[in-house]
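Residue numbers (our numbering): 1 to 336. Just so you know, even glycine gets a beta-carbon here, dropped at the ideal spot from N, CA and C. Right, one structure below, let's go through it.
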Ligand code: EPU
């Protein structure tokens, strides 16, 4: 266990706001978690690619940094990959592609750790974590014990899971179990991959996902950001029909339950926010759903931007945009 006190939040969030963290505690094993006591509910953090520190944080930040992985053959076609939470997500995807194990290649280049992946059920290019997740191992602070939560009980939804609701603040994810296939299982329907050959190799798909992402999403190492800032809103079919009558170009993707997912990027772009800045915080010029910190951005500027975007989109379309990124106050609670 390693404890750091009174340190800058900059390396702990890819949005790089200059807040102070009272403490960061890194755990290398479950035994170390068992010896941990805290009066305050800790803030659990992976690599900080979906968290913004809006204020100095007094609550302790806890990170599970062990990163081993083990492979078990389940049947002639499938393998179980048990990966500890501290493993970098993209490094894992890269390794599965090298091993020719299918299932998560469309999730290449998503920033962050394996432990963070189930929390918001990361997804991209027609695939989400839920598609291959078998279980999540979770250490419960109060019960002081490990729990294996089967995927069926993780309540995975669009950028959603039980870890954002009933289990928020209750514990820390220590490992994830994934079922991958030794036989090809291609998902090529998403725009950007749909031109690939139906027998494309896993390496081709992996490289194409990287190329598409790199062409429109800024590298957080170069330009601070936390990926998509808002969720894509889902509206009732009737509301979409009425909107479409008024705004003929409005894209929409019908969901299994007949509701319609509207791209937040389109709504934001239509309202003139593409590339727009409030001080050093702004909507990225190539993908306005991504909010970026050009260097010296402040929480006040971010608040101004979010408020303007949400108000304008709501006034025009009657659609509420919900942040996808976690913004934390001084006690470690979500800001909005
Ligand atoms: N669009 C615009 N203007 C733009 C960009 C996009 O109008 O500048 C519209 C277009 O209609 C386009 C649609 O938005 O067809 C979808 O755009 P894109 O394929 O870039 O995807 P997205 O909906 O903006 C989602 C995820 C991303 C994920 C991509 C690819 C959410 C909140 N975001 O973005 O995930 O990489 O699909 O699958 O669901 C993240 O969660 O941080 C993230 C980056």
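For residue 238, the closest of 231, 254 and 175 by C-alpha to C-alpha distance is 254. Judged by beta-carbon spacing, residue 226 lies within the 8 Å limit of residue 15, meaning their Cβ atoms are closer than that value. Between the ligand EPU and the CB of residue 16, the shortest heavy atom gap is not smaller than 7 Å. The beta strand (DSSP E) runs lying completely inside the segment 222-308 and spanning 3 residues or more are 224-228, 281-283 and 290-293, given in chain order. Of the candidates 153, 293, 260 and 277, 293 places its Cα closest to the Cα of residue 222. When distances are taken from the beta-carbon of residue 271 to the heavy atoms of the ligand EPU, even the shortest one reaches 7 Å or more. In its chain, beyond the 5 residues on either side, 301, 304 and 305 have a beta carbon closer than 6 Å to the beta carbon of residue 278. Residue 34 is classed as exposed because its beta carbon has fewer than 16 other beta carbons within 10 Å across all chains shown. A contact between stretches requires three or more CB pairs, one per stretch, nearer than 8 Å, and the segment 75-84 meets this requirement with the segment 169-184.
In this structure, DSSP gives residue 95 a helical state, which the three-state scheme calls helix. Sequence-distant Cβ neighbours of residue 136 in its own chain, meaning closer than 8 Å and more than five residues away, are 118, 148, 149, 151, 154, 163, 173, 175, 176 and 177. Closest in alpha carbon position to residue 7, among 17, 334, 30 and 22, is 22.
Rounded to whole angstroms, the separation of the alpha carbons of residue 288 and residue 281 is 12 Å.
The segment 89-98 makes contact with the segment 202-209: 3 or more CB pairs, one atom from each, lie closer than 8 Å. For residue 128, the shortest separation between its Cβ and any heavy atom of the ligand EPU does not lie below 7 Å.
Fully contained in the segment 6-36 are the following beta strand (DSSP E) runs of length 3 or more, in chain order: 20-27. When distances are taken from the beta-carbon of residue 278 to the heavy atoms of the ligand EPU, even the shortest one reaches 7 Å or more. Residue 139 is bridged by DSSP to 146 and 172.
In the three-state DSSP reduction, residue 2 falls in the strand class (E or B). The secondary-structure analysis by DSSP pairs residue 88 across a beta bridge with 113.
Residue 139 and residue 30 have their C-alpha atoms roughly 8 Å apart. The segment 230-246 and the segment 258-277 touch, with no fewer than 3 CB-CB distances between them shorter than 8 Å. Not a single heavy atom of the ligand EPU lies less than 7 Å from the C-beta of residue 89. In the DSSP assignment, residue 82 forms a beta bridge with 70 and 177. Proximity to residue 55 across 17, 63, 185 and 46 peaks at 17, based on C-alpha coordinates.
In terms of CA proximity to residue 37, 142 leads the group 112, 11 and 142. In this structure, the ligand EPU has a non-hydrogen atom nearer than 7 Å to the beta-carbon of residue 232.
DSSP places residue 52 in the strand class (E or B) of the three-state scheme.
At a Cβ-Cβ threshold of 8 Å, residue 127 and residue 106 count as neighbours. With contacts defined by Cβ atoms closer than 8 Å, residue 109 and residue 241 do not form a contacting pair.
Per DSSP, the continuous alpha helix (DSSP H) segment holding residue 206 begins and ends at 202-216. Nearest to residue 298 by alpha-carbon distance, out of 224, 194, 317 and 286, is 224.
Within the same chain, and ignoring the five residues on either side of residue 27 in sequence, the residues whose Cβ sits closer than 8 Å to its Cβ are 1, 33, 36, 62, 63, 64, 65, 66 and 172.
Of all alpha-carbon atoms in 184, 85, 322 and 88, the one lying nearest the alpha-carbon of residue 234 is that of 322.
The beta carbon of residue 40 sits closer than 7 Å to the beta carbons of 59 and 60 from its chain, once the five residues preceding and following it are set aside; these are given in chain order. Annotation for residue 265 indicates a beta carbon within 7 Å of some heavy atom of the ligand EPU.
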